[in-house]
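Engineer: Counting in the working numbering, the sequence shown runs from 1062 upward without gaps. Here you go, one structure.
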Amino acid sequence: MEHQPGGDLEYQIEIDFWDAVRGAVKKISITRLETCETCHGTGAVGSPQTCTACGGTGTIQQAAGKMRFNVPCTRCGGTGKLRTVCKPCGGEGRVRRMETIDVRIPAGVSSGSRVRVPGKGNAGNDGSACGDLYLRVEVKPHPFF
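Rendered as structure tokens:
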């Protein structure tokens, strides 16, 4: 499995007119994928065992008529090792979690603006970096302006 950084998340947030003018700190709840604490993002627990199907080589022979082919072992996925899947994350290495965060909305934002919160997107696989969170700002209209 390749190391891939986490995906970005986008949420919409509605703020009132004066918060848009002056800037504000808003508390928002987001659901994001975080690195599993049990397996530290690897998706497996314990030490890997040698695959019994391929004897640790990662390949098995298949015959087609008189020809023989070496193909990746289906049991271990060609790695030669068998790992115990982490139960809390089901081998994904990431778990879905709800989190409440404080976000600083800069003064002078307008409807349709995007505010970036670095590192608050989804966690990457195998412990790689997190993506970013983007908030699409909608400003409630003011009765006078």
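All residues carry an ideal CB built from backbone N, CA and C; glycine is no exception.
Evaluate Gly1182 with the Cβ neighbour count: other Cβ atoms within 10 Å of its Cβ, from every protein chain shown; 16 or more gives buried, anything less gives exposed.
Structural biologist: By the 10 Å Cβ count, Gly1182 comes out buried.
Engineer: Check for me: the alpha helix (DSSP H) holding Arg1083 runs from which residue to which?
Structural biologist: Arg1083 -> alpha helix (DSSP H) spans 1078-1083.
Engineer: Give the secondary structure of Gly1119 by DSSP, where H, G and I count as helix, E and B as strand, and everything else as coil.
Structural biologist: Three-state result, Gly1119: coil.
Engineer: Which residues bound the beta strand (DSSP E) around Arg1175?
Structural biologist: That run of the beta strand (DSSP E) goes 1175-1178.
Engineer: Report the option in Arg1157, Gly1151, Asp1163, Thr1120 whose CA atom is closest to the CA atom of Gly1141.
Structural biologist: Closest option to Gly1141, Cα to Cα, is Thr1120.
Engineer: Am I right that Gln1065 and Ser1172 are in contact with their C-beta atoms under 8 Å? What's the rounded C-beta distance?
Structural biologist: No, Gln1065 and Ser1172 are not in contact; Cβ-Cβ is about 33 Å, not under 8 Å.
Engineer: From what residue to what residue does the beta strand (DSSP E) around Asp1163 run?
Structural biologist: Its beta strand (DSSP E) spans residues 1155-1166.
Engineer: Across which residues does DSSP place Glu1075 in a beta bridge pair?
Structural biologist: Answer by DSSP bridge pairing, in chain order: Glu1199.
Engineer: Report the three-state DSSP secondary structure of Asn1186 (helix, strand or coil).
Structural biologist: Residue state, collapsed to three classes: helix.
Engineer: Touching or not, the segment 1084-1102 and the segment 1155-1163, by the rule of three or more beta carbon pairs under 8 Å?
Structural biologist: Yes: at least three Cβ pairs fall under 8 Å.
Engineer: Under the rule that 16 or more other beta-carbon atoms within 10 Å means buried, what is Asn1186, buried or exposed?
Structural biologist: Buried is the call here.
Engineer: May I ask you to report which of helix, strand or coil DSSP gives Thr1099?
Structural biologist: Three-state DSSP puts Thr1099 in coil, outside helix and strand.
Engineer: Just to confirm before moving on: does the CB-CB distance between Glu1160 and Ile1091 stay below 8 Å?
Structural biologist: Going by C-beta atoms, Glu1160 is nearer than 8 Å to Ile1091.
Engineer: How many whole angstroms separate the CB atoms of Ala1105 and Arg1136, which I take to be in contact at a CB cut-off of 8 Å?
Structural biologist: Ala1105 to Arg1136, Cβ: 15 Å. No contact.
Engineer: Quick one: measure Cβ to Cβ for Ile1166 and Lys1087, integer angstroms, because I've assumed they're closer than 8 Å.
Structural biologist: Contact holds; Cβ gap of about 6 Å.
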